[in-house]
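Engineer: Please see the structure below; I have some questions.
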């Protein structure tokens with residue numbers, strides 16, 4: 040999709056989402072500027088992961104609008120003003136602008152690290168296989184895994200597998216990267232290597248929305264922090280304010296329990 044360089048990279052407007060009687064997102068609105076790193080924090084069950092999944096249309100929404108790179112994701116407005124879900128083909132095309140790194144690595148176990156990274160560009164974007172392999176090798180080098188290109192996932196640590204997953208997402212040349220608690224499934228000693236890659240991406244100006252409980256990363260890498268509770272955004276602002284006595288009461292209560 041062509042870019043709309045004048046507007047925000049991500050615009051979420053009055054998004055609502057329910058699972059049966061359970062309301063998970065309550066009229067959520069958020070804009071993320073190009074090159075901005077936004078870290079989303081909040082208690083478990085506050086809607087953080089669901090919000091990310093809605094941005095990538097892994098979950099549908101009940102109302103509202105989501106735009107990435109100036110284009111709506113997942114839906115188009117019908118003549119009656121109601122949402123009409125896009126075809127799977129159009130949704131797949133819209134997702135090409137969005138990289139998603141999950142809690143679990145979701146690598147193909149029968150493929151090497153290099154093969155996992157170059158699969159998407161070849162299958163989805165139609166990139167020449169030799170070109171895709173060369174870029175995959177560069178990306179594995181970028182995440183510190185040049186020597187693991189021929190290793191299978193079972194031969195890699197959790198931190199290494201997650202770095203392969205990040206390289207795989209970057210291989211699609213996304214405009215926006217989404218991270219859903221990318222270190223939550225890792226042993227503590229492996230967290231740092233993944234955070235280092237994410238911090239480098241932030242420094243390079245990649246637009247990122249990160250759901251995380253890593254408060255050290257939020258403090259030092261985020262341009263802005265968004266606090267969610269009970270399906271709503273209760274506060275947002277720079278780290279210096281969110282991690283201070285000037286933060287709202289709900290934010291201070293949450294941080295007091297985890298920091």
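Numbering (the working numbering), first residue to last: 40 to 298. In this text, a Cβ means the ideal position worked out from N, Cα and C, and glycines have one as well.
Which of helix, strand or coil does DSSP assign to residue 265?
Structural biologist: Of the three classes helix, strand and coil, the one that applies to residue 265 here is strand, per DSSP.
Engineer: Which same chain residues, not among the five before or five after residue 138, have their C-beta less than 8 angstroms away from its C-beta?
Structural biologist: 208, 209, 211, 213, 215, 216 and 217
Engineer: Between which residues of its own chain and residue 41 is the CB-CB distance below 6 angstroms, once the five residues before and five after are set aside?
Structural biologist: The predicted position of residue 41 is uncertain, since its pLDDT is 48 and thus under 50; a value taken from the coordinates is nonetheless stated next. For residue 41, where only same-chain residues beyond five positions count, there are no Cβ hits under 6 angstroms.
Engineer: Looking at the unbroken alpha helix (DSSP H) that takes in residue 246, where does it start and where does it end?
Structural biologist: Segment 246–250 is the beta strand (DSSP E) holding residue 246; no alpha helix (DSSP H) there.
Engineer: I'd like the span of the alpha helix (DSSP H) that includes residue 205, first residue to last.
Structural biologist: Element bounds for residue 205: 197–210.
Engineer: I need the boundaries of the alpha helix (DSSP H) containing residue 50, first residue and last residue.
Structural biologist: No alpha helix (DSSP H) contains residue 50, which is instead part of the beta strand (DSSP E) from 49–58.
Engineer: For residue 91 versus residue 248, is the C-beta distance shorter than 8 angstroms?
Structural biologist: yes
Engineer: State the Cα-Cα distance for the pair residue 80 and residue 265, rounded to the nearest angstrom.
Structural biologist: Straight through space, the alpha carbons of residue 265 and residue 80 are spaced by roughly 6 angstroms.
Engineer: Over what stretch of residues does the beta strand (DSSP E) that includes residue 159 continue unbroken?
Structural biologist: Here residue 159 belongs to no beta strand (DSSP E); instead the alpha helix (DSSP H) covers 152–162.
Engineer: Using a threshold of 8 angstroms, state whether the C-beta atoms of residue 261 and residue 78 are closer than that.
Structural biologist: yes
Engineer: DSSP three-state call for residue 41: helix, strand or coil?
Structural biologist: No answer about residue 41 holds up, because its pLDDT of 48 lies below 50 and its placement is not dependable.
Engineer: If contact is defined by three or more beta carbon pairs under 8 angstroms, each pair taking one atom from either stretch, is the stretch 55–65 in contact with the stretch 222–231?
Structural biologist: no
Engineer: Between the alpha carbons of residue 226 and residue 178, how many angstroms are there, rounded?
Structural biologist: 24 angstroms
Engineer: Is DSSP giving residue 68 helix, strand or coil here?
Structural biologist: Three-state result, residue 68: strand.
Engineer: List the whole-angstrom C-beta distance separating residue 222 from residue 243, where the pair is believed to meet the contact cut-off of C-beta under 8 angstroms.
Structural biologist: The beta carbons of residue 222 and residue 243 sit about 20 angstroms from each other, so the pair does not count as a contact at 8 angstroms.
Engineer: What residue range is occupied by the uninterrupted alpha helix (DSSP H) comprising residue 234?
Structural biologist: 227–242
Engineer: Taking just the CA atoms, how far does residue 263 sit from residue 279?
Structural biologist: 9 angstroms
Engineer: Over the uninterrupted beta strand (DSSP E) stretch that includes residue 104, give me the two end residues.
Structural biologist: 102–107
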